[in-house]
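Trainee:
Residue numbers (this note's numbering): 797 to 909.
In structure tokens:
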């Protein structure tokens with residue numbers, strides 16, 4: 797199970813500008829009260845696993861692989877979301893242009909609030 801390079805997914809790499817680069821190299825950074833989006837992401841991952849779309853063990857292995865290579869500059873908490881998006885694009889469930897469009901839509905909606 798080898799993940800494809802992140803360079804193929806510029807839309808994911810561009811999010812680093814939004815969230816900021818990882819500053820804590822230790823795993824202490826994961827010892828915190830989860831943000832709402834993190835809890836929702838875990839529920840989404842459970843649903844993907846239950847439906848057979850993306851097994852939790854496979855996702856965790858991919859998080860380890862991609863998290864320390866392609867997405868090493870990203871905060872640890874964001875790696876699940878990046879890995880899931882990356883893997884679902886690899887599987888052809890949606891394309892980068894579709895994700896970019898949806899992210900733009902959400903950014904616009906959030907800026908209106």
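For every residue, glycine included, the Cβ atom is placed at its ideal position computed from N, Cα and C. Computed from a prediction, not measured in an experiment: that's the story for all the values here.
1) With DSSP as the reference, label residue 806 as helix, strand or coil.
2) Quick check on residue 856: does DSSP put it in helix, strand or coil?
3) Can the beta-carbon of residue 855 be found less than 9 Å from the beta-carbon of residue 879?
4) Thinking C-beta only, is residue 815 closer than 9 Å to residue 883?
5) Which term fits residue 901, buried or exposed, when burial requires 16 or more other beta carbons within 10 angstroms of its beta carbon?
6) Between residue 871 and residue 889, what straight-line distance do the alpha-carbon atoms span, to the nearest angstrom?
7) Looking at the secondary structure, which residues open and close the alpha helix (DSSP H) in which residue 834 lies?
8) Beta-carbon separation of residue 899 and residue 811 under 9 Å?
9) Cα separation between residue 805 and residue 892?
10) What three-state label does DSSP hand residue 850 in the structure shown?
Mentor: Judging by the given coordinates:
1) helix
2) Looking at residue 856 - three-state DSSP - the assignment turns out to be helix.
3) yes
4) no
5) Residue environment for residue 901: exposed (fewer than 16 other C-beta atoms within 10 angstroms of its C-beta).
6) 25 Å
7) Here the alpha helix (DSSP H) through residue 834 covers 832 to 846.
8) Yes, they are a contact pair.
9) 7 Å
10) coil
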